[in-house]
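Heads up: the structure comes next, in structure tokens.
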Amino acid sequence: MSTDFTVAPAPASTAPVSVAPQQPLGRIPVTGVRPVVDHGARPAKSVVGEPFTVSAEVFREGHDAVGATLVLTDPDGAERHLSMTCTNPGLSLWEAEVVADREGLWHYRVEGWSHPWGTWVHDAGIKIPADIDADLMREEGAIVLDRAAAEPFRDEGGRTSLRQAAAVLRDLTGHQATAALHLVTTGPAAAELEARPLRELVTPSTDLPLLVERELALFGSWYEIFPRSEGARFDEATGRWVTGTLRTAAQRLPAIAAMGFDVVYLTPIHPIGTTARKGPNNTLDAGPDDPGSPYAIGSPDGGHDAIHPELGTFEDFDAFVADATRLGLEVALDLALQCSPDHPWVTEHPEWFTTRADGTIAYAENPPKKYQDIYPLNFDNDPAGIYAEVRRVVQVWIDHGVKIFRVDNPHTKPVEFWQWLIADVAVDHPDVIWLSEAFTKPAMMHTLAKVGFQQSYTYFAWRNTVAELVEYGTEVSGEAAAYMRPSFWPTTHDILTPYLQFGGRAAWQVRAALAATMVPTWGVYAGYELMEHVARPGAEEQIDNEKYELKDRRWAEVAERGDSLIGWLTMLNRVRRQHPSLQLLRNLTFHHVDDENLIAYAKSRTLDDGTVDTVIVVANVDPHTTRESTLRLDMGALGFAPDARFEVEDHVTGARWEWGQATYVRLGPDAEPVHIVSVRR
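Below, the structure written as structure tokens:
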């Protein structure tokens, strides 16, 4: 019996499987360099004097030792070599702390290298005491020392120590092998090779960008005002409101500075349109005396490059900036790229807006919210024209002393526009700071930070439980801190959360304390001192919203009453300035409290003199109930032995206590709701 098999003919040729092009890995692999933003396409961020950690995995085949060096290149191209330390011995993670001492665009890379001295020390430490190839090991060690001594960068003292150590190893009639090993691995030669190692097969990672900015980009306290309300009053004789001006607003500056704030942020000060003007609480029936929303920018009096006539002139604005500067305050201006229907751009450049099918210009909407008094810009119809005009407007305010812009709703404009604008301004004005007001999807918030915004509003206002705060604090102080600097605001003119609506005084104290101590940048909206907590029905914002009307808070009377939070805010800003640990973002560590309503965290920073500044915060996030519990500190994270005792000073009350691993705490409305303690060492 037979069977026939049919065999298919072989193809004439077989094409090789293609692979994506790869960059050479190098002789000593260096992988996983951190921080890195978008694979190095965008810079990591730091400020002058801010310490942060660069890490990488460095390894090689076999058992020979490797080393790692961090190379930091300053804006002038000068290189600094920093030794890296393996922080998980036996594995491959290497780290070094970086502190840049000037502003500008830096670069950094990690160099992995073969470590012949480390390899010899390891092998000789095993073989020589065991008398295994002891003479051979001595000669091999001497050869390594010879190679190191021949390196041209060493000074004569270093060369001499290396040659002397090589001679000790080769002197078989002198020291015993183990004694010689001890001499060369603990003496001057070892110190020389620790400071300036013999590096062979050096393999660099890619150079990564690092943008170093001024301190206020990371650390600062903001105070928001509507200039027209500062000095506003109701005239009983006429039954009409009298608006505040830039000159009367300047009279508020000493009180803001006295509370310890660094930045006074002004909502828009431009002319306001009358078409579709909003009345009180966002109603559509504005009366003749209603001032309208300052975000409905533009009228026959001008647009984004003009000042509302009722507020004053550019001379008044310059005087305001000068007064602020004398008091140690910087002025931040709201950049809201939207227009009233009366804005000059509407008639001069109708192509800059979106026209609907019926021929009308589309007003802004965020369903169910409608903003009939505002036209959004359409950046796609004439991007070159819009880009150039906005750049001109920004320059007008820079020329009048503004170095900070709080940008309204940047997530509704193209990201590439912000990338271009911020970079173009930085060419001539690298000290300008941009704060993104983008309460939106995380991908957009993070991308805006990556393309240039130095600071970002966050979801902090809606993170109220301990679990939520720990999760969010861990997120913003972790990998995201390489490019996104969070700004914590308990309230804004658009945000009044239920926590503050119903939490009472303790809630307002706790939220301010958390915002001021968890992250380096925080801010409050004017009126926070008064705990203005009544919401507009159906909205998480204040009743009688200041966006649509004037407010007279009668500050002189508030100061005399003494029941405001002025003292609380002043204390928080004073503690922030006194303790450098609170001026950093990446040093946040959480600790355990038995009661799930109590949160605890610490921030530490090693100072130039070697001392460690540590602040521990414990807060009761339940504003209605006084709670007693046990704080359980991670003593290792604080740099203490498990059984250590240490003295703390509470900045809230001035009391001093002795704390340890387990400490009793009592916090709430019947006591103080927060402990902010500094560790005395």
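Numbering-wise, full-length UniProt numbering puts 648 at position 648 of the sequence shown, and it's gapless, one number per residue. Virtual Cβ for every residue (Gly too), placed ideally from N, Cα, C. Keep in mind it's a predicted model, so treat the numbers as computed, not measured.
query: Limits of the unbroken beta strand (DSSP E) element including ALA602; result: 598-606
query: Collapsed DSSP secondary structure at ALA56 in the structure displayed; result: strand
query: Chain-order list of residues whose beta-carbon lies under 6 angstroms from that of LEU82 (same chain, five-residue window excluded); result: LEU70 and ALA96
query: Backbone CA spacing between VAL99 and GLU61 [nearest angstrom]; result: 32 angstroms
query: Euclidean distance between Cα positions of PHE502 and THR360; result: 43 angstroms
query: Residues of its chain near TYR525, where Cβ-Cβ distance is below 6 angstroms and the 5 sequence neighbours each way are ignored; result: GLU224, THR491, THR492 and HIS493
query: LEU631 burial status per 10 Å Cβ neighbour count (16 or more: buried); result: buried
query: Stretch-stretch touch, CB-based, cutoff 8 angstroms, three pairs: the stretch 539-554 with the stretch 515-522; result: no
query: Nearest-angstrom Cβ-Cβ length linking GLU215 and VAL47, presumed shorter than 8 angstroms; result: 5 angstroms
query: Candidates ASP650, GLU529, VAL110 and PRO642, of which the one nearest ALA506 by Cα; result: GLU529
query: Alpha carbon of VAL415 to alpha carbon of VAL212, nearest angstrom; result: 22 angstroms
query: Rounded distance between the beta-carbons of SER604 and THR614, thought under 8 angstroms; result: 4 angstroms
query: Whether TYR371 touches PRO341 by CB criterion (8 angstroms); result: no
query: Sequence-distant residues of its chain with Cβ nearer than 7 angstroms to PHE234 (five each side left out); result: TRP241 and ASP552
query: contact_flag[the stretch 128-136, the stretch 183-194] where n(CB pairs < 8 angstroms) is 3 or more; result: no
query: VAL665 beta carbon less than 8 angstroms from that of HIS651; result: no
query: Separation of ASN281 from GLY239, as counted between CA atoms; result: 20 angstroms
query: Start and end residues, alpha helix (DSSP H) containing HIS81; result: Looking at the DSSP string, HIS81 is not in any alpha helix (DSSP H); the run it does join, the beta strand (DSSP E), is 79-83.
query: Cβ shell of THR3 (< 6 angstroms), same chain only, five flanking positions each side left out; result: Here THR3 scores only 46 on pLDDT, less than 50, and its place in the model should not be relied on; the value that follows carries that caveat. Excluding positions up to five away in sequence, the list is empty.
query: Cutoff 6 angstroms; reference GLU310; Cβ partners in own chain excluding five residues on either side; result: THR243
query: Backbone secondary structure at ALA189 - three-state DSSP; result: helix
query: Distance between VAL36 and PRO673 (C-alpha atoms, nearest Å); result: 39 angstroms
query: Inter-residue CB distance, ARG138 and LEU162 (contact presumed, cutoff 8 angstroms); result: Between LEU162 and ARG138 the Cβ distance is about 15 angstroms, and since that is not below 8 angstroms, they are no contact.
query: Sufficient close CB pairs (3 or more, under 8 angstroms) joining the stretch 247-260 to the stretch 315-333; result: yes
query: Proximal residues to VAL393 (C-beta, below 6 angstroms), its chain only, five neighbours per side dropped; result: HIS304 and ASP305
query: For ILE297, three-class secondary structure by DSSP; result: strand
query: 6 angstroms Cβ shell around ASP594 - same chain, five flanking residues per side excluded; result: SER629 and THR630
query: First through last residue of the alpha helix (DSSP H) which encompasses ASN366; result: Note, ASN366: premise wrong, no alpha helix (DSSP H); beta strand (DSSP E) at 364-366.
query: Extent of the continuous beta strand (DSSP E) to which GLY32 belongs; result: 30-34
query: Whole-angstrom C-beta distance between LEU193 and ALA148, which should lie under 8 angstroms; result: 6 angstroms
query: C-beta atoms of SER678 and GLU658 nearer than 8 angstroms; result: no
query: Among GLY157, HIS63, ILE307 and VAL321, nearest to LYS403 - alpha-carbon criterion; result: VAL321
query: Reference PRO498, options GLU479, ARG645, TRP462 and ILE272, closest by Cα; result: TRP462
query: Residues near HIS115 by beta carbon distance below 6 angstroms, same chain, minus five either side; result: ALA65, VAL66 and GLY67
query: Cβ-Cβ separation, PRO271 to ASP290 (assumed contact under 8 angstroms), whole Å; result: Actually they are not in contact, since the Cβ atoms of ASP290 and PRO271 sit about 15 angstroms apart, beyond 8 angstroms.
query: Residues of its chain near PHE5, where Cβ-Cβ distance is below 7 angstroms and the 5 sequence neighbours each way are ignored; result: Residue confidence is low: PHE5 scores 47 on pLDDT, short of 50, so the model does not pin down where it sits. Its coordinate-derived value is still stated next. Once the five neighbours on either side are set aside, PHE5 has no close Cβ partner at all.
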